[in-house]
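**Student:** Sharing a structure below in structure tokens format, with a few things to ask.
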Amino acid sequence: MTRAATPLRPSRHSPPNSLAEQSPTSAFEWIGGEARVRELVDRFYDLMDLEPAYARLRAAHGDGLDSARDKLFWFLCGWLGGPDHYISRFGHPRLRARHMPFRIGIAERDEWLACMAQAMQECGVDPALQERLVESFAGTADWMRNV
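The following block contains the structure:
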């Protein structure tokens with residue numbers, strides 16, 4: 008199994024020369040701040056409801072998506088170099104541990120990545136940032152696999 012991707016902001020846990028340290032601004036600023044992160048997250052979850060290709064991903068989230076929307080928004084804000092909304096509410100993300108109750112195999116990983124890539128494309132995320140995010144998301148999504 009591969010290791011989790013490096014976060015896009017420097018912290019005491021980031022290795023030297025992380026993506027965040029190479030960028031003149033944080034990925035959070037590059038994407039356009041909280042409003043754009045919220046737009047991306049909302050489009051991501053809207054696509055789950057709209058696109059049959061993401062039916063398995065949608066089913067894994069149960070009846071409502073409001074809580075998932077908020078948690079991903081809070082997490083991505085901090086991960087991209089903005090406010091640590093998630094950590095202030097829940098502490099360390101512990102991504103793998105928090106996702107262990109859910110079956111995450113290759114198909115689920117690929118569906119999540121495709122949905123996020125489509126959301127980034129439709130929201131007009133800068134192509135250079137998309138490239139970096141896809142790489143980081145792919146590493147993390149692969150690391151999250153548990154089957």
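Here the sequence shown is numbered in our numbering, starting from 8 and rising by one per residue.
From the three backbone atoms N, C-alpha and C, an ideal C-beta is built for every residue, glycine too.
Keep in mind it's a predicted model, so treat the numbers as computed, not measured.
#1: How big is the Cα-Cα spacing for alanine 27 and phenylalanine 35?
#2: Where glycine 98 and arginine 76 are concerned, what is the direct C-alpha to C-alpha distance, given to the nearest angstrom?
#3: Nearest to alanine 67 by CA position, among Glu118, Val44, Gly146 and Leu140, is which residue?
#4: For glutamine 137, which residues from the same chain have a beta carbon less than 6 Å from its beta carbon, with the 5 sequence-adjacent residues on both sides left out?
#5: Counting pairs of Cβ atoms below 8 Å between the region 38 to 45 and the region 76 to 90, do you hit three or more?
**Tutor:** A quick look at the data gives this:
#1: Interpretation of alanine 27 is limited by its pLDDT of 49, a score under 50 that renders its predicted location unreliable; no figure is taken from the coordinates.
#2: Roughly 18 Å between the two C-alpha positions.
#3: For the residues Glu118, Val44, Gly146 and Leu140, the minimum Cα distance to alanine 67 belongs to Glu118.
#4: If the five residues before and after glutamine 137 are omitted, its C-beta is found closer than 6 Å to the C-beta atoms of Met127, all from its own chain and listed in chain order.
#5: Yes, the region 38 to 45 touches the region 76 to 90.
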